[in-house]
Amino acid sequence: MESRLDFYKANPHAIKAMLALEERIGKSDLEKSLTELVRLRASQINGCAYCVDMHTADARKGGETDRRLATVVVWRETPFFTERERAALEWTEALTLVSHDHVPDQVWEAVKPHFTEAELVDLTLLITAINGWNRFAIGFRKLPA
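In full-length UniProt numbering, the protein residues as written are 1 to 145.
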């Protein structure tokens, strides 16, 4: 497989808009470790090799354990994640797969107690951003180094 297009060079203005989302996410109250788990899980669902590789490495640099990283894909079946992380991962899956069941009320009820309203908006922005990055990377075949 080879890369189709360097989207950073092809349209820096579009990427600048994406980076503005990342800047806001970086200023949010969401924990860095949580943001990397969310990015990783969405990227796994979308099958984005570049993003899975990048966010696994970023999470490790931030102190995440190999055990938790290896089990993000099966987070429901492990005791390794906090209730807040579980809620975020469930919200991530529901929004990433929004066409499947349009984010059922039970998912909303599960995530709501663990985040403030502002954090819920930032979490949703994070999920929106990583799904966007996944589409750039997959569509233009950005490859892991």
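No residue lacks a Cβ here, since even glycine has one placed at the ideal position from N, Cα and C.
* **CA-to-CA distance, valine 103 to threonine 92, given in whole angstroms** => Those two C-alpha atoms are separated by around 10 Å.
* **Environment of arginine 141 [buried if 16+ CB atoms lie within 10 Å]** => Counting other Cβ atoms within 10 Å of its Cβ, arginine 141 stays below 16 and is therefore classed as exposed.
* For my contact list, leucine 30 and glutamate 119 are in at a C-beta cut-off of 8 Å; report their separation, rounded to the angstrom. => 6 Å
* With 16 other Cβ atoms within 10 Å as the buried cut-off, status of histidine 100 -> Exposed.
* glutamate 64, buried or exposed, once every other Cβ within 10 Å from all chains shown has been counted against 16 -> buried
* Express the C-alpha separation of serine 3 and glutamate 90 in angstroms, rounding to a whole number. => 32 Å
* Asked: Using 7 Å as the limit for Cβ to Cβ distance, is alanine 20 near chain C?
  -> The structure shown contains no chain C; it holds only a single protein chain.
* Starting from methionine 1 and walking both ways along the alpha helix (DSSP H), at which residues does that stretch end? -> Element bounds for methionine 1: n/a, residue is neither H nor E.
* When you compare only the Cα positions, how much space is there between glutamate 22 and leucine 126? -> Using only the alpha carbons, I get a separation of about 8 Å.
* Asked: Between asparagine 46 and the rest of its own chain, which residues show a CB-CB distance below 6 Å, the 5 nearest in sequence each way excluded?
  -> Asn134
* **Element boundaries [alpha helix (DSSP H), containing aspartate 122]** => 117 to 139
* **Helix, strand or coil at residue 149 [DSSP, three-state]** => Lying outside 1 to 145, the shown extent of the chain, residue 149 is not represented and no answer is given.
* Evaluate the contact criterion for the segment 71 to 78 versus the segment 35 to 43: three or more CB pairs, one atom per stretch, below 8 Å. => Counting Cβ pairs under 8 Å, three or more are found: they touch.
* Asked: Where does valine 73 sit, in a helix, a strand or coil, going by DSSP?
  -> helix
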